[in-house]
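Residue numbers in the sequence shown follow this note's numbering, run continuously in steps of one, and reach 141 at the last position. These notes concern the structure reproduced below.
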Amino acid sequence: PFIMAPLFTNFFDSVTESENNYLFCYLLLPLVLNVDRRDFLNKSTVRSSVHTFKNKQNLLIGLADDVQYYKEITHHSIQHAIDSDWIVINENLSVTVDENPKNIQSNLIKSYSASQKMYHILGDLDVLTIYRLLGIKSV
Numbered sequence: 003p004f005i006m007a008p009l010f011t012n013f014f015d016s017v018t019e020s021e022n023n024y025l026f027c028y029l030l031l032p033l034v035l036n037v038d039r040r041d042f043l044n045k046s047t048v049r050s051s052v053h054t055f056k057n058k059q060n061l062l063i064g065l066a067d068d069v070q071y072y073k074e075i076t077h078h079s080i081q082h083a084i085d086s087d088w089i090v091i092n093e094n095l096s097v098t099v100d101e102n103p104k105n106i107q108s109n110l111i112k113s114y115s116a117s118q119k120m121y122h123i124l125g126d127l128d129v130l131t132i133y134r135l136l137g138i139k140s141v
């Protein structure tokens, strides 16, 4: 979790603080650790959106399973970020970044840059709508 926690702080540092944005954390690892999804995010442009992502069916294959697979490491990584005073989760499930550590592992550089772009692709809709569009029924 201590290796993945900077991915979360980096992501939330690029997110507009809003109600329920904590729920984006469950999408982060499945999107930035999978090579095809990460490449899509890194190659995205200002015109890219969740609908562009959704239209690429190969990116959706296994996404719901990956959300479940990474759930526990997501919890541990978020807890590590909280314990390190990097983030705060507010009552309305918004996330505030207090400190964004720059000690990212070299093998996660592409995932780190994808985490910065993720919100630009997904952020135009509320998080629950995004889950529905991507076919994720539960977390």
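All C-beta atoms, glycine included, are put in the ideal place defined by N, C-alpha and C.
Asked, Found
"Cβ-Cβ distance between Thr76 and Cys27 below 7 Å", "yes"
"Proximity of Ile63 and Phe14 at Cβ, strictly below 7 Å", "no"
"Proximity of Ser79 and Met6 at Cβ, strictly below 7 Å", "yes"
"Best match in Glu74, Phe10 and Leu29 for proximity to Val129 [C-alpha to C-alpha]", "Leu29"
"Outcome for Pro103 when other beta-carbon atoms lying within 10 angstroms are tallied against a minimum of 16", "exposed"
"Residue from Pro8, Leu43, Lys119 and Ser140 with nearest C-alpha to Leu61", "Leu43"
"Presumed contact (8 Å Cβ cut-off) between Leu9 and Ser117, rounded CB distance", "5 Å"
"Other residues of its chain near Asn22: CB distance less than 8 Å, five sequence neighbours each side excluded", "Asn94, Leu95, Ser96, Asp128, Val129 and Leu130"
"Distance CB(Lys112)-CB(Arg39) smaller than 7 Å", "no"
"Cβ separation of Ala66 and Ile138, assumed to be a contact under 8 Å, to the nearest whole Å", "5 Å"
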